[in-house]
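**Student:**
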Amino acid sequence: MTKLIPAPWWSAFLLCFWLLLQNDVSVGTSLLGLILAILIPLYTLRARDYPTTLHRPLLAVQYFLILLVDIVVSNLDIALIILMPRKRIQPALIEFPLDLTGSVPITILASTISLTPGTISAELGRDGRSLLIHALNVQDPEATVQQIKQRYERRLKEIFQC
Amino acid sequence: MTDLPQWADLLISFFIVLGASFAFIGSLGLLRLPDFMARLHAPTKNTTLGVGGVVMGSMLYFSVTDAFSLHELLIAIFLFLTAPISAHLLAKAGLHLELELNENTKDLRKKPEQYTDKDS
Amino acid sequence: MLVYALQFAFGLFGLSLLMNILRLIRGPHLPDRILALDTIYINSLALLLLLGIWHNTMAYFEAALLIAMLGFIGTVAAAKFLLRGDIIE
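Residue numbers (the numbering used here), protein chains in the order written: chain C, 688 to 849; chain G, 51 to 170; chain A, -3 to 85.
(1) Only counting the same chain, and skipping five residues up and downstream in sequence, which positions put a Cβ closer than 6 Å to that of F9(A)?
(2) Tell me the rounded alpha-carbon separation between D116(G) and P55(G).
(3) Looking only at its chain, what residues have a beta carbon closer than 7 Å to the beta carbon of L83(G), apart from the 5 residues adjacent to it on each side?
(4) Going by DSSP in three states, L818(C) sits in which element: helix, strand or coil?
(5) Does any residue of chain A bring its CB to less than 8 Å from the CB of K142(G)?
(6) Under three-state DSSP, which class holds S170(G)?
(7) Got a sec, what are the start and stop residues for the alpha helix (DSSP H) E840(C) sits in?
(8) Where does L62(A) land, buried or exposed, given buried means 16+ other C-beta within 10 angstroms?
(9) Would you mind sorting S713(C) into buried or exposed? The rule is 16 or more other CB atoms within 10 Å of its CB.
(10) Along chain G, in chain order, which residues have C-beta atoms closer than 7 Å to that of A5(A)?
(11) I want to know whether the stretch 772 to 787 of chain C touches the stretch 813 to 822 of chain C - three or more CB-CB distances under 8 Å.
(12) Is A117(G) helix, strand or coil when you go by DSSP?
(13) What's the call for L802(C), buried or exposed, on a 16-neighbour Cβ count within 10 Å?
(14) Which chain C residues sit within Cβ distance under 9 Å of M87(G)?
(15) Name the two residues that bound the continuous beta strand (DSSP E) containing P784(C).
(16) Checking the sheet assignment: what are the DSSP bridge partners for K156(G)?
(17) So, at 6 Å on beta carbons, what are the nonlocal neighbours of S170(G) in its own chain, with the 5 sequence-adjacent residues on each side left out?
(18) In three-state DSSP terms, what is L83(G)?
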């Protein structure tokens, strides 16, 4: 089983992607999608040098929902800053010390930071132990770091167990 | 356009107006924020919700008038995955070119050489 | 109702595109221009989706998806070129 389907989440994602692209769920498209979802991971497995396992799938779903809510919040936040007529913004470049290891969790954390209120991840430190964050309007940089740690990094640590 | 039931009409209109407003605000931010790193915030965040709203409207419209349709979700998923990546690369380019930042930016880098991209 | 919503949205997206073009012309630096181009791609794909609703056809969906993908690749290639002076190392 592990030989035939080496990356089950990836196969599931490919199947969903195929069905969405066809915009149709019939026996024929499902069968072709199933074949592709098994063959493509087998063929491209050698190119994956970042083995990652999803330990807590339910927590990942919860993380995704939190992320969706935060995207809406961040949109309103930025909209307010843009529409405020003469509000002085206080940007800051903040160092964020990483507790996570592994390239996939760090990538997910960096993307999350870019999508959530007021912050964009700008650069990964050369040693891979810290992220450089640009915050658009921040009074207390330490609080921002703590919030990201509490809200996202803790959950990612649990999901990927690293 | 075909005739729609009342609730679908209102809901689709709501999503489309929401999406268009956010896309507009994002572009406005691109025009009027003071420095490059600040300008980067507006389009990356607001276009995800802007396109998201339009995609929701389109999905509802075609599901109501035609067969059940979800494939517009692909565009939303794709933008959702790629917006942070292009923002990250552009931020890297901005840092690398050492563009001037707004004068009340607090630079809290302890070791700035940690984040340079130059080969040394 | 939907007709007015669509017309309103067309107007807003048109204004957004104009503002993006203004930023594209004004610069002042290359990353600003790349960012403006990226925003133009995204706004125009949303405009295409709206046009699909207006004409009641799904034919524009593939075009919108292609614009999304090519826009992303273009942005990444341009940013990479600014970073390294080279696209494929």
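Note that CB positions come from ideal geometry on N, CA and C, so glycine has one too.
Note that the structure is predicted; figures quoted are calculated from it, not measured.
**Tutor:** According to the data block:
(1) N39, L43
(2) 13 Å
(3) R89, A92
(4) strand
(5) Among the CB atoms of chain A, one or more fall inside 8 Å of the CB of K142(G).
(6) Any reading at S170(G) must be qualified, since the residue scores a pLDDT of 41, below 50, and its modelled position is unreliable; no value is offered.
(7) Unbroken run through E840(C): none, as it is neither H nor E.
(8) With a 10 Å radius around the Cβ and a threshold of 16 neighbouring Cβ atoms, L62(A) comes out exposed.
(9) exposed
(10) I66, V67, A70
(11) yes
(12) coil
(13) So L802(C) ends up on the buried side.
(14) Within chain C, the residues near M87(G) are P778, L780, I807, A809, H821, L823.
(15) 779 to 784
(16) A779(C)
(17) Confidence is the limiting factor: at S170(G) the pLDDT is only 41, short of 50, which leaves the residue's position unreliable, though a coordinate-based value still follows. Contacts found: none.
(18) L83(G): coil per DSSP, three-state reduction.
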